[in-house]
Every structure is written in structure tokens, then in C-alpha cells.
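K.L.:
Before anything else, here's the structure in question.
Residue numbers (my numbering): 13 to 125.
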């Protein structure tokens with residue numbers, strides 16, 4: 013599956029900024045898992061537990077990319093668009109549910125695609 017990084021009209025790439033904001037070792041692990049997704053279909057990624065469809069947001073076609081490193085959970089909210097997985101917003105998950113502000117950020121970026 014093709015992966016695309018969301019870029020703002022100013023050329024900012026929030027996912028690249030997110031990856032640069034965490035340690036190199038953790039960023040490398042996330043990058044490795046993203047490379048694995050490129051080799052998989054969406055169904056294979058779902059079955060492998062790398063991606064999870066976000067319930068309640070079907071109209072936005074949102075998926076949650078999951079990576080855990082030690083006790084820290086890293087998440088990237090993605091959008092399936094024209095057979096490409098667009099990486100919209102990355103964050104460190106600190107609670108059982110994804111905070112609404114993180115979802116709203118991703119939805120706002122979908123509207124700019």
C-alpha cells in the first residue's frame with residue numbers, strides 16, 4: 013500500500029516533525045513499521061494489528077497506526093484516500109481513549125487534502 017505524508021499548504025509535514033521530536037531510536041522503530049505497511053495490503057495491516065479502523069469515524073475513513081516502545085504508546089491517525097494511506101497526525105497516547113483534540117486535528121487536515 014502506498015503511504016503519503018500530509019503536507020500543509022506552507023509545506024509543513026506534521027508527521028516528519030513528530031518523528032523528529034522523539035528519540036532517534038523510537039523514530040526508527042516507527043519508520044520500520046511504516047515500511048512494513050508499504051509491503052502489506054490494508055487487510056494485512058489490519059490483521060497484523062499495525063492498523064485499526066477508528067470506530068465512529070467511518071465517514072472520514074480514519075485508521076489508527078499503533079506502535080509501542082517500552083511503556084510509551086505512539087499513534088498516528090491516518091486516512092485512506094485514493095488507495096493511499098495518508099499519515100495525518102502523530103502523538104503519544106497517554107490515556108485509554110484517543111483525546112478528541114487529536115482526532116479533530118486529523119479531521120481538519122483531511123479537509124485540506
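Where a beta carbon is used, it is the ideal one built from N, C-alpha and C, also for glycine.
Quantities reported herein were computed from a predicted structural model and do not represent experimental measurements.
Hey, residue 102 and residue 88: beta-carbon distance below 8 Å or not?
P.N.:
Here the question's residue 102 lines up with position 90 in the chain shown. Here the question's residue 88 lines up with position 76 in the chain shown. Cβ atoms of residue 102 and residue 88: closer than 8 Å.
K.L.:
Can you tell me whether residue 31 is buried or exposed? The criterion is at least 16 other CB atoms within 10 Å of its CB, across all chains shown.
P.N.:
Within the chain shown, numbered from 1, the residue matching residue 31 stands at position 19. So residue 31 counts as buried.
K.L.:
Helix, strand or coil, according to DSSP, for residue 100 in the structure here?
P.N.:
Mapped onto the chain shown, residue 100 falls at position 88. Looking at residue 100 - three-state DSSP - the assignment turns out to be strand.
K.L.:
Using beta-carbon positions only, say whether residue 13 and residue 54 come within less than 8 Å of one another.
P.N.:
The count along the chain shown starts at 1 and reaches residue 13 at position 1. The count along the chain shown starts at 1 and reaches residue 54 at position 42. Cβ distance < 8 Å, so residue 13 and residue 54 count as in contact.
K.L.:
At what residues does the beta strand (DSSP E) containing residue 49 begin and finish?
P.N.:
On the chain shown, residue 49 is found 37 positions in, with the first residue counted as 1. Residue 49 -> not in any beta strand (DSSP E); alpha helix (DSSP H) instead, spanning 36-51.
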